[in-house]
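Written out below as C-alpha cells is the structure these notes cover.
There are 2 protein chains.
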Amino acid sequence: MAQLFDRIALIGIGLIGSSIARDVKQLGLAREVVVSTRSPETLKRAEELELGTSYKLSAADAVEGADLVIVSVPVGASEAVAKQIAPHLKPGAIVTDVGSTKASVIAQMAPHMPKTVHFIPGHPLAGTEKSGPDAGFAGLFHGRWCIFTPLPGTDADALAKLKAFWEALGSKIDEMDPEHHDKVLAIVSHLPHIIAYNIVGTADDLETVTQSEVIKYSASGFRDFTRLAASDPTMWRDVCLHNKDAILEMLARFSEDLAYLQRAIRWGEGDKLFELFTRTRDVRRSIIEAGQDVDVPDFGRHSLDKKV
Amino acid sequence: MAQLFDRIALIGIGLIGSSIARDVKQLGLAREVVVSTRSPETLKRAEELELGTSYKLSAADAVEGADLVIVSVPVGASEAVAKQIAPHLKPGAIVTDVGSTKASVIAQMAPHMPKTVHFIPGHPLAGTEKSGPDAGFAGLFHGRWCIFTPLPGTDADALAKLKAFWEALGSKIDEMDPEHHDKVLAIVSHLPHIIAYNIVGTADDLETVTQSEVIKYSASGFRDFTRLAASDPTMWRDVCLHNKDAILEMLARFSEDLAYLQRAIRWGEGDKLFELFTRTRDVRRSIIEAGQDVDVPDFGRHSLDKKV
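If you're matching them up, the sequences are chains A and B in order. Sequential numbering from 1 applies to the first sequence in the UniProt record's numbering. Sequential numbering from 1 applies to the second sequence in the UniProt record's numbering.
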C-alpha cells in the first residue's frame with residue numbers, strides 16, 4: 001500500500017495505539033513512526049516489540065515534525081496531552097484521537113490546538129478486553145466502524161486524508177456530531193460495560209453463594225459478563241466520568257425497565273416477560289444479519305472450549 | 001460404551017432432550033429411546049433427525065416400560081407432565097428432569113410420583129442460546145456440571161446409576177439441596193439472562209438512538225448481551241416465574257449496587273469506579289484459571305468474525 005504520511009506520532013501505545021502501529025508497519029503507511037508513552041516500562045516493551053522507528057518518553061518530543069499525531073490515551077488524560085504537544089506541533093499536521101467519548105475530548109483538546117493544525121476527533125469502534133502493547137494486533141480495525149466528529153470548518157482535504165488512513169486499516173467510516181456520538185456509545189458500549197462490571201461486583205459480594213461456586217458454575221451465563229468486566233479500569237473510569245450525562249440518562253432508562261421486569265416477576269405476569277423475551281430475540285437476529293456478530297451458537301466458544 | 005438402560009423415555013426433545021438423544025445413540029447407552037413431545041411438528045422433526053427408536057405424542061405412552069425417564073420441558077410444564085406420566089411409570093424406573101429451578105420442580109412433580117419409582121431431580125448446566133431439536137448436538141454436556149438435588153431417602157443405587165449415566169455423557173457431578181441450587185443459579189444464570197433481556201429491551205426502545213444505530217455499532221459491547229437475550233422465551237419466562245424469591249433477592253442486590261455506581265458517576269468519584277473495575281478483572285482471571293471460559297480475547301470471536 002502507498003505511504004500516506006511521512007512521520008506518524010503515536011501518543012499512547014496500549015491496545016489501540018499498538019494495533020495502529022502494527023498495521024502502519026505491515027502496510028507501509030508511513031516512513032517513520034514515533035512511539036510515545038509516559039511509562040518507561042511500556043516504552044521499553046514497545047521497543048522490544050519493534051512497534052515504531054523511534055521511542056520517546058515525552059509527548060512533546062514525539063510530535064516534532066509529525067504529519068499525523070494519534071492520541072490514544074484514557075480520555076481523562078486528553079487535556080494534559082493537548083497542553084504538552086500543542087507548542088511542538090508542525091504547522092499543517094493532522095491531530096486526531098481514538099477516545100470513546102467525543103464532547104469531553106473536544107472540550108479538553110480543542111482550546112489548546114494551534115490554528116495551524118487540523119484537529120479532527122475520531123473514535124475507532126474496536127478493541128478487546130485486553131490492554132497494553134502486547135494486546136494489540138494487526139487487523140484489529142478491519143471491518144470495524146471509525147466515527148469522526150469533525151468540528152465546524154474542518155479542512156476537507158485533511159479530513160479526507162485521515163479517512164483514507166483509517167480506510168487503509170480496513171475501517172468503515174462514519175460521521176456524526178459529538179453529542180449524538182456520545183449518546184449512541186452510551187447505549188451500545190458504555191452501559192453494557194457498566195452493567196457487566198456491576199453484576200460481576202454483585203456476584204463477588206454475595207454471602208449466600210460462595211465465590212468459588214460463582215466461578216465453578218459461571219458457564220451458565222455469568223461468564224459472558226466477566227469478559228467486558230475485565231476491560232481496562234483506567235480507561236473505563238475515565239469513560240464514566242467523561243460521558244456522565246448520556247450514561248446517567250441510559251442508566252435511568254435501564255433501571256426503569258428493570259423495575260418493570262422485577263414487578264412482572266413478583267406478580268407472576270408471564271405474558272409481559274414472554275413479550276420482552278421474544279422481542280429481544282429479533283434484535284439478535286438483526287445483529288447477525290447485519291454481520292455484526294458471528295452466526296454460531298455460544299459465540300463459537302464451544303469448539304475452543306477446553307471443557308475441563 | 002456399555003448399555004446402561006434398556007429403554008429410555010425422553011419427554012421433551014428441544015436443545016437439551018435432543019442433545020441427550022444424540023449422545024445416547026452415539027454411545028449406545030440404551031437399547032431403545034422413546035421420544036415424546038406434544039408438538040406434532042417437533043415430533044416429526046425428531047423422527048427425521050432419527051433421534052430415537054420410537055416417537056410418541058403422548059408422554060403417558062412414551063414412559064410405558066421405560067427404565068429411565070428424562071423430563072426436558074420448560075419448568076412450568078413439570079406438574080402437567082408428572083400427572084400424565086405417573087400412572088404409566090414402570091415400578092423401579094428412575095425419573096429425572098433437567099430443569100433450571102429445583103425447588104419448584106420438586107414441588108410440582110414429587111407429590112405425583114408413585115412410591116415404586118425413583119424420582120431424582122437434576123440439572124445439567126449446559127446449553128446455548130439456540131432452541132429446538134435441530135439445536136442439540138452430541139457432546140453438549142461434556143465437561144459441564146450436572147447438579148443433583150436428591151430428596152431425603154433417595155435410593156443410593158438409583159442415584160449412582162443416574163450419575164453413571166451423566167458421567168457417560170461427560171458431565172462432572174455435583175450435589176446440593178434444592179434451595180441452595182436455586183440461589184446459586186439465580187446469580188450465575190438467571191440474573192445474567194434477565195439483565196441481558198432488559199438491556200436489549202432498553203436499547204430497542206430508545207428514541208434518541210435509532211434501532212439501526214444500535215445494531216450497526218453493537219460490536220462495542222452491546223452484542224455480547226444479545227446472545228443471552230436470544231434464549232428461548234418460554235423457558236426463561238418459566239424460570240423467572242418458578243425461581244421468583246431467589247431472583248428477586250439477587251435483583252435487589254444488583255439494583256442496590258447499580259445505584260451506588262450511578263451515584264459515583266454522578267458525583268465524579270473516580271476512585272470508587274476504579275476500585276470496582278479492578279476487582280472484577282480478578283473474577284475473570286479466576287474463571288479462566290478454573291477452565292470455565294476460553295483464554296482468548298473476545299471469546300475467540302475475532303478469528304470467526306466475518307468483519308463485514
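Glycine included, C-beta positions come from ideal geometry on N, C-alpha and C. Fair warning: this is a prediction, and the values are worked out from it, not measured in the lab.
Query: Interface flag, G268 of chain A vs chain B, CB-CB below 7 Å; Result: yes
Query: Residues that S58 of chain B bridges to, as DSSP identifies them; Result: Answer by DSSP bridge pairing: none, since S58 of chain B is not bridged.
Query: C-beta contact flag for R181 of chain B and T149 of chain B at 7 Å; Result: Here residue 181 of chain B is His; the residue named in the question, Arg, does not match the sequence. Cβ atoms of H181 of chain B and T149 of chain B: closer than 7 Å.
Query: Interface residues of chain A facing C240 of chain B [CB-CB closer than 7 Å]; Result: I265 and L273
Query: Sub-7 Å separation of V239 of chain B and T101 of chain B beta-carbons; Result: yes
Query: Buried or exposed (CB count within 10 angstroms, at least 16 for buried), V308 of chain B; Result: The predicted position of V308 of chain B is uncertain, since its pLDDT is 40 and thus under 50; a value taken from the coordinates is nonetheless stated next. Looking at its Cβ environment, which holds fewer than 16 other Cβ atoms inside 10 Å, V308 of chain B is exposed.
Query: is_contact[H193 of chain A, chain B] using C-beta, thresh 7 Å; Result: yes
Query: Distance, L29 of chain A Cα to A2 of chain A Cα; Result: 6 Å
Query: For L68 of chain B, the residue or residues it bridges with in DSSP; Result: B:I8 and B:I94
Query: Beta-carbon gap between S231 of chain A and E129 of chain A smaller than 7 Å; Result: yes
Query: Contact with chain A by Q262 of chain B, beta-carbon distance below 7 Å; Result: yes
Query: Start and end residues, alpha helix (DSSP H) containing I16 of chain B; Result: L15 to L27
Query: Cα-Cα separation, I265 of chain B to P178 of chain B; Result: 39 Å
Query: Where A156 of chain A falls, given that 16 or more other Cβ within 10 Å makes a residue buried; Result: exposed
Query: D134 of chain A: first and last residue of the uninterrupted beta strand (DSSP E) it sits in; Result: Neither: D134 of chain A is in no beta strand (DSSP E) and is coded neither H nor E.
Query: Short CB-CB distance (under 7 Å) between P40 of chain A and chain B; Result: no
Query: Spatial neighbours of D295 of chain A in its chain, beta-carbon cut-off 6 Å, leaving aside the 5 residues before and after; Result: I288
Query: Separation of S286 of chain A from R227 of chain B, as counted between CA atoms; Result: 12 Å
Query: Cβ shell of R7 of chain A (< 7 Å), same chain only, five flanking positions each side left out; Result: A30, R31, E32, V34, G65, A66 and D67
Query: Rounded straight-line distance, which links the Cα of T53 of chain B to that of Q26 of chain A; Result: 58 Å
Query: Exposure label - T280 of chain B; buried when at least 16 CB within 10 Å; Result: buried
Query: Beta-ladder partner(s) of H118 of chain B, from DSSP; Result: B:I94
Query: Euclidean distance between Cα positions of L185 of chain A and D293 of chain B; Result: 27 Å
Query: 7 Å Cβ cutoff, W166 of chain B in contact with chain A; Result: no
Query: Contact under 7 Å by Cβ, V69 of chain A with V75 of chain A; Result: no
Query: Beta-carbon contacts of F137 of chain B that lie in its chain and below 7 Å, excluding the five residues immediately before and after; Result: S19 and R22
Query: Chain A contact residues for P87 of chain B, given Cβ-Cβ distances below 8 Å; Result: None at all; the shortest Cβ gap to chain A is about 29 Å.
Query: Close-in-space but distant-in-sequence residues of the same chain around A168 of chain A (CB under 7 Å, 5 per side omitted); Result: M1, L4, L27 and L29
Query: Test: I287 of chain A CB closer than 7 Å to a CB of chain B; Result: yes
Query: DSSP beta-bridge partners of E32 of chain A; Result: A:R7
Query: Straight-line Cα distance separating E249 of chain B from K172 of chain A; Result: 44 Å
Query: Backbone secondary structure at D182 of chain A - three-state DSSP; Result: helix
Query: Within 7 Å, strictly: CB atoms of V105 of chain A and P121 of chain A; Result: yes
Query: Chain A residues whose Cβ lies nearer than 7 Å to that of F225 of chain B; Result: P192
Query: Cross-strand partners of K172 of chain B (DSSP beta bridge); Result: B:W145
Query: Burial state of R284 of chain A, where buried means 16 or more other Cβ atoms lie within 10 Å; Result: buried
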